[in-house]
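**Q** One structure, as structure tokens, below. Some questions next.
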Amino acid sequence: GDLWYFPAGTPHALQATSQDPDGSEFILVFDTGDFSEDSTFLLTDWLAHVPVEVLAKNFQVDPSVFKNVPSEELYIFPATPPSNDQAPQSPQGHVPDPFSFSFSKVKPTQLSGGSAKVVDSSTFKVSKTIAAAEVTVNPGAIRELHWHPT
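The structure is reproduced here in structure tokens:
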């Protein structure tokens, strides 16, 4: 798979495409050991608690724009898959250090008992505190004893 990095406080969403009929799977990784889903701030939860009139005034639109705002938070919910024609374009343009990394395109290092791929801040510049490894261990092979001092 590929990697995305979302700095703390950056709003974001993940949507499955229609490329795989089974949908998409995500592994969430956090650089703090005390992360809790209870500390996640969901937009739908916030919108459910703001009067429609206030939203309309804030965004300078007619209140009817918000007629379908859910009355409670949504976490994973059905939606129409995005078009495969073209990726969304940011009105801000491209950022110098992208928040995504094509880990699926990294060539693995072949080893006698399997293979390994590694990504860290030297290859995924925006990710300063997270590194990842995809290790394939062939049947009967063993990943040697090791430890992570940091």
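The UniProt record's numbering applies: residue 1 is where the sequence shown begins, and numbers increase by one. Just so you know, even glycine gets a beta-carbon here, dropped at the ideal spot from N, CA and C.
Here's the rule: buried if 16 or more other CB atoms are within 10 angstroms of the residue's CB, otherwise exposed. What is F26?
**A** exposed
**Q** Are three or more beta carbon pairs between the segment 110-118 and the segment 83-92 nearer than 8 Å?
**A** no
**Q** Would DSSP call T109 helix, strand or coil?
**A** DSSP places T109 in strand when its eight states are reduced to three.
**Q** What residue from P82, Y5 and S122 has the CA that sits closest to D20's CA?
**A** P82
**Q** With burial defined as no fewer than 16 other Cβ atoms inside 10 Å of the residue's Cβ, what is the status of F124: buried or exposed?
**A** buried
**Q** Would F101 be called buried (16 or more neighbouring beta carbons within 10 Å of its own) or exposed?
**A** buried
**Q** Can you find the residues in the same chain that come closer than 6 Å, C-beta to C-beta, to K128, ignoring five residues on each side of it along the sequence?
**A** Closer than 6 Å at Cβ, skipping near neighbours: S121.
**Q** Taking DSSP as the reference, what is the three-state secondary structure of S115?
**A** S115 sits in a strand when the DSSP states are folded into three classes.
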